[in-house]
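Quick note: the sequence shown uses my numbering, first residue 1, plus one each step.
Note that beta-carbon positions come from the ideal geometry of N, C-alpha and C, so glycine has one too.
Worksheet: one structure, shown below.
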Amino acid sequence: MQVSVRRLALYPLGAVQSGQIRCSLLSPVPRLLSPRARTLFSETGVWEKDYRTETRRRVEEWWHPRIMAQWQKDAVEQGSNRKKFYVLSMFPYPSGRLHMGHVRVYTISDTIGHFQRMRGHQVLNPMGWDAFGLPAENAAIERGLDPEDWTKQNIQSMREQLDSLGLCFNWDREVTTCLPDYYKWTQYLFIKLFEAGLAYQKEAVVNWDPVDQTVLADEQVDENGRSWRSGALVEQKLLTQWFIKTTDYAKPLLDALADLPEWYGVKAMQANWIGDCTGCYFDFKLKVNGEETGETLSAYSSSPEMVFGAAYLAILPSHRLLHGSSSVRSVLEKAFQPGRDSLTEVTAHNLFTGHEVPLVISHKEAFDGYLDTVIGIPDCSEEDLSVSKALNLRWTTVLKGGEDETQTLINSDEFSGLTREEAFHSITQKAREQKVGGHLTSSKLRDWLISRQRYWGTPIPVVHCGSCGPVAVPEEELPVTLPKLPSLTGKGASPLEAAHDWVSCKCPRCKGPARRETDTMDTFVDSAWYYFRYTDPHNPNRPFERDLADHWLPVDVYIGGKEHAVMHLYYARFLCHFCRDQGLVTHREPFRKLLVQGLIKGQTFKLADSGQYLKREEIDFTGTLYLNLQAACQCDTSVKSRWHMVVVLLKVTWEKMSKSKHNGLDPQEVVQQYGVDTVRLYILYAAPPEQDILWNVKTDALPGVLRWQSRLWQLVSKLRGARELGDVPNPSLLKKKELGETKKIWDNKNYAIQEVVTSHFTEDFLLNAAISRLMGLTNTLSSATARVVQHSVEFEESLAALVMMTAPMAPHLASELWAGLCQVKNPLCPLLQRGGDVLQQSWPTVDPEYLDVPDFVELSVLINNKPCGKVTVPLQVSKDSERVQQLILESPFGQKLLGERSIKRAILSPRTALINFLIDE
C-alpha cells in the first residue's frame, strides 16, 4: 500500500558515510518585477539611464519584430554577387515543444548567421522539420488521431516558439519531410539508387523492436541490446528487407575525411565506424547439381588480389540460407553438422573469376566484424588452409615468392606476374567495372537497412510483380502518397497492408497485377538529403537545380548534437557522394565544418537505493532536506495513515534534461524570466559549444551576463551624458596621460576585432571566449576618465565596435544601444553618422596602422617560479603588466591554471618575455 509520508529527511549520497549531513542545492531565482513601466528610447526619444527588467522587456518587444522583418527583407534583396555562407543547424523532430537543447543549437546558428551577414556575406540559415517517424505514429495510436494532423499541429506550435526566441531563419525555404512535395524527391533519389544497383531487397536476420513493432538498424541498438527509442530488448527476426549498398562507397567516404577540417573528434568516429577498407566483396551464383538456384551471394575477402586461389565459400550457421525461404535451405540443413565445418552439395560460381567452389557451413558463431559470408583462400590464411585440408578440397596456388621477397601472382589469368599491390588495384578495379564486386570496404561495415514496418514514413516506390519481380515506380507517377487509414494499432504486419485498394496496383512494366511495397523508409533517408532541398525548396520538377546546389554547397558550418556523429553524418555524406556520381552536384562532401554541440544538463535527484527520480517540489530546500513522498514509496500496511520520519540517501547529479527525470526547463518560461538576450548570452558564455552546460542559475555565467548587459547600457549612458554637458568634444584638449589612456583603448579594440572575436566566430567557434574578450573591452571602456569619454574619438569608436560585435549574440539589446549611440550629440566617429540598425552595419575592421606593427610575442608563464607553459600576446601590449595579466586570465589557459586561485602578485620581466604569477598555495 502507498503511504503518504509527510516529512522524509533526505541526505545526498555519500554524506552519511563522510559524516556531513548537508547539501548545496539550487533555489529557484525569483522573477524580477519592475515597480513601474519604463520608457524606451527608440519609441519615445527618452534614454533610460539604467538597464532594468522592464527596460529589457520593452527593448525586446520593440526590436523583436523589426529584426526578424529586416532579416527576411535582406534575404530577398541580397545579391548573388556577394560571397555565400550556408549555416545549417540540424532540423528538429516536431514534438510540439522546444527544449533547451534546441535553444542552444539554434542560438549558435543564429549568432553565426548574423555575424556572417554583417561581414557582407549572402547568408542561408534555413529551418525545416524531420517530420516522419515513430513518435508521431505512436502518439496518434495513443490518442486515436491521424499522425499527419498531430505532426502539423506540433509544427505550428514549435514554429511559434522559435519565432518567440527571435531566431532569424529563412522561413521562405522551410521544408517538411512528411509532405508529398518533399518525399516525392526522397522517392526519386531511392529510384536512382535502385537503378544504380545500390538499393536492393534480401532476406536477412534483423533487429526487431517488440514494442514499436519495427525493424531497427544495428546502429539503433545500444550496447545492451536495447532499442534506442523504446528501450525494449531487441529480438532477432528473419525478414525480407530493403538495403542501400553504402559499403560500395566505404573507401571514398573514408579517404575524403582527410580533406576535411577537424570535426571535434567526429572524423575519428566516422573513420572508426567505416573501418580499414582493405578488402572487398565478390558476387557468386549458387548452384545445386550444376543448375543455378537463383540465389546470389556476396562474399568478403580481405585479400582480393588472391581471389583466383579461392578453395571454398563459407557461411555462418546463422546465415539466412539456413533459416529463410531459400531454395537451397533443405540441402544445407541436410549437410549441416553442428560444431564442425560442414561441406555441402551447393557450389558457388564466382562471377569475376569464373571458378566454382563448394559452399561450406562454418563451425564458427561469427567471422571478423559483421561478416556472414567469406571466401576461403589457403594461400593467405593458415585457418583457410586448415579448413581446406580437413575437407579435402582442391585449390590453386596463386602466390610466388616468400615473405622476404617481392611476392607476385601466378595462375591468375591476365593478372599473373603482377605484384600483390598491383594485382590488388587491378583486380578490384576490373571487378567494379564488371559490376560483380570489387568495392573496397571493411569487414565491420554493413549495408544500410532502411525498411520499417510502420505507416508514418516515406513509402518505398516499388511494386512487386509476379512476372517482372520488383519494379520501380516511374518518375512521372511520383509521389507514391500514403493512403488514409481509418485507424492505427501498431501491432502485427505493416499498417499499409490494411490499405487493400492502395496495395493492389498494376505493374508499370507489363501492366499485369502487382502489389505495392508496404514497408516505409527509415527517417534517416529523409534527413540524408534535406540540406540539398533547402537550396531549391519549391522546385516541382527536380529535387534541386544543380546550379543552386553548387552555389550554396558545401554547407559552411553544420551545427548539431554529437549523437548524430555516426549514423546521420555517414548517410548524408554517402548520399552526397552518390549525387555527385549521378551528375546532380559538383561537391562530394556536403559539410565543410562541423560544430558539435554539447548537452544542456539539469540537476536530478533520485533515491540511491531504487533509482527513482524525484521532482524538485518534493524536496524542501530550506535547511535540512525533506521530501514529501506522497504516493511515491511502498511501505508496510501496518503504518498506513501514520507520519514517519525516515533517513534516506539521495543521489544528486547532472543529466540530460528530460520529463522523466524531472529536470527539464521550458525555454519560454526561462525567456520570460530572464529575457531572450540573457538566455542567448548565457548559452554562449557558459561553455564552449562542444562541452555540456550544467544549467545552474547561481553559477558565474548567468549573473555575469546580466551584469555585462547593464554595463554595456551604462557605457552608452556615460557617453550620452558626457556629450550633454555642453562642451563640444575636442581631441586636442587631451593631455599626455589621457592620450596614453586612449592608446590603450585603441589597442584593446583592435585586438578584440582581429585576434579574438573574429577568429572565434570563424575558426574555433569558442563563442564563450569571444564574449570574455568583449567583457574585457567593456572593462577598459568602463575605467575611462570623464575627459577621455568626452573628447576621445577612440572611446567612441571602441564603444561603437563593441556594440556591433555584441549584436550577433544579443541583437535586441545591441539594436537599442546602437540607436542610443547614433543620437549622441556631436559624434566624432563616422560610424555613428551613417544611420541604419546595428545588424545592417559592416563588421568592424582593424585599423591599418595596428597591422603595421609586428604581431605577437610568445610569453613564458611561471606560477610560483615554476614554468607552466607559454601564451601569445600582441606586441603592442607585451610590456603592459596589467594588460598582459588580463589577457592571460581571460584565456582558456589562464582560466584552467589560475581561474580558481588567489593571485598575490604578477611580475612581468622588463627584459625577457616572461611573467611570473605568485599565488597562495
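Distance between residue j and residue i (C-alpha atoms, nearest Å)
i      : j      : result
Trp129 : Val480 : 20 Å
Gln187 : Ala528 : 12 Å
Leu445 : Ala271 : 11 Å
Asp74  : Trp150 : 34 Å
Lys364 : Gln236 : 19 Å
Glu797 : Met804 : 11 Å
Ala549 : Thr535 : 6 Å
Asp163 : Pro126 : 13 Å
Glu262 : Asp764 : 10 Å
Arg883 : Arg901 : 19 Å
Ile274 : Ile191 : 25 Å
Ile112 : Val87  : 7 Å
Val357 : Gly197 : 25 Å
Leu332 : Ser362 : 12 Å
Arg720 : Val670 : 32 Å
Leu706 : Leu681 : 9 Å
Gly45  : Leu766 : 37 Å
Residue range of the unbroken beta strand (DSSP E) whose run includes residue i
i      : result
Asn350 : 342 to 350
Cys868 : 866 to 874
His102 : Not the beta strand (DSSP E): His102 falls in the alpha helix (DSSP H), residues 100 to 118.
His439 : 437 to 441
Phe605 : 600 to 607
Arg905 : 903 to 908
Lys506 : 504 to 506
Thr296 : 291 to 301
Thr240 : 235 to 244
Tyr312 : 312 to 315
Residue burial classification, residue i (beta-carbon count within 10 angstroms, cutoff 16)
i      : result
Phe856 : exposed
Lys251 : buried
Val76  : exposed
Phe524 : buried
Asn730 : exposed
Glu48  : buried
Cys510 : exposed
Gln122 : buried
His319 : buried
Asn865 : exposed
Pro50  : Checking the sequence shown, residue 50 turns out to be Asp, not Pro. With fewer than 16 other Cβ atoms within 10 Å, it is exposed.
Arg905 : exposed
Sheet register partners of residue i (DSSP bridge)
i      : result
Tyr558 : Leu88, Leu594
Asp209 : Thr214
Cys465 : Gly469, Ala514
Ile693 : Ile600
Leu914 : Ser860
Met521 : Ser451
Lys287 : Glu292, Thr347
Tyr924 : This structure does not reach residue 924, given that the chain is present from 1 up to 921, and the question cannot be answered.
Pro459 : Thr520
Arg226 : Leu233
Residue i and residue j closer than 8 Å at C-beta
i      : j      : result
Thr604 : Leu712 : no
Glu690 : Gln597 : yes
Leu828 : Asn916 : no
Thr177 : Tyr571 : no
His99  : Met657 : yes
Leu859 : Leu914 : yes
Thr396 : Thr458 : no
Pro808 : Met118 : yes
Val360 : Leu391 : yes
Phe282 : Ser302 : no
Tyr558 : Leu594 : yes
Leu908 : Ser881 : yes
Ile771 : Trp695 : no
N-terminal and C-terminal residue of the alpha helix (DSSP H) that residue i is part of
i      : result
Ser268 : According to the sequence displayed, residue 268 carries Ala and not Ser. Note, Ala268: alpha helix (DSSP H), 266 to 274.
Glu422 : 420 to 433
Trp552 : 546 to 552
Lys735 : No alpha helix (DSSP H) holds Lys735; DSSP gives it neither H nor E.
Leu665 : Where Leu665 is concerned, there is no enclosing alpha helix (DSSP H), given that its DSSP letter is neither H nor E.
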